[in-house]
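**Student:** Every letter in the sequence shown is one number past the one before it in the working numbering, and letter 117, counting from 1, is 121. Built from N, CA and C at the ideal position, the CB exists for glycine as well. Predicted model only: the values in this text are computed from it and were never measured. Can you read through this structure? Questions will come right after.
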Amino acid sequence: MSDEKRIRRLRDAGYKLTNARLAVLRVLEEAGEHMTSADVLSAVGDIAPDVGRASVFRTLDLLTQLSIIRPTYIESSATPHYVMMPDGHHHHIICTICKTVIEFDDCGLTDLTNRLEAQFAVQIRSHLLEFYGICQHCRDQGANGSDNPKT
């Protein structure tokens, strides 16, 4: 989703484009990676020191409600990691040992999406797919994930 579309989505929902909202959007866009709310708060403080903590958290909530960003959860953590939502799909493989996030494009869910749209009379705009496992680097280091009963 382009910056223009994000801004239009905010305005179409009746929200103003405040300094806090612009700063949070800019931080997430420029990061190009998943960020915790603490990461976002710190980065916003660097570029817009006048934006307060509460404004950052309210903005994260609002952007989530509008599906501009999406929180993802790494298996063993209750802390969400926010990611900018592109149009369509967003897919991850998350290492449960080192927390590395690998993004990939082709999920093979086109047929399922079409069936769900027909079955439930909805228009699916996007989806998020996450897999959890152990990356090659951690396996090379001897990690076996024995604390995970599925392994």
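1) Check each candidate in 135, 82, 41 and name the one with the smallest Cα separation from residue 106.
2) Sorted by chain position, which residues of the same chain lie with C-beta nearer than 7 Å to residue 70's C-beta, five sequence neighbours on each side aside?
3) Just confirm the distance between the C-beta atoms of residue 63 and residue 31, as a whole number of angstroms; I'd bet it's less than 8 Å.
4) How many angstroms separate the CA atom of residue 84 from the CA atom of residue 125?
5) Out of 141, 61, 72, 98, which one is the CA nearest neighbour of residue 133?
6) Where does residue 100 land, buried or exposed, given buried means 16+ other C-beta within 10 angstroms?
7) Does DSSP classify residue 49 as helix, strand or coil?
8) Considering Cα atoms alone, identify which of 47, 9, 41, 66 is closest to residue 25.
**Tutor:** In short, the structure shows the following:
1) 135
2) 13, 14, 17
3) With a Cβ gap of about 10 Å, residue 63 and residue 31 do not count as contacting.
4) A straight line joining the alpha-carbon of residue 84 with that of residue 125 spans about 31 Å.
5) 98
6) buried
7) helix
8) 66
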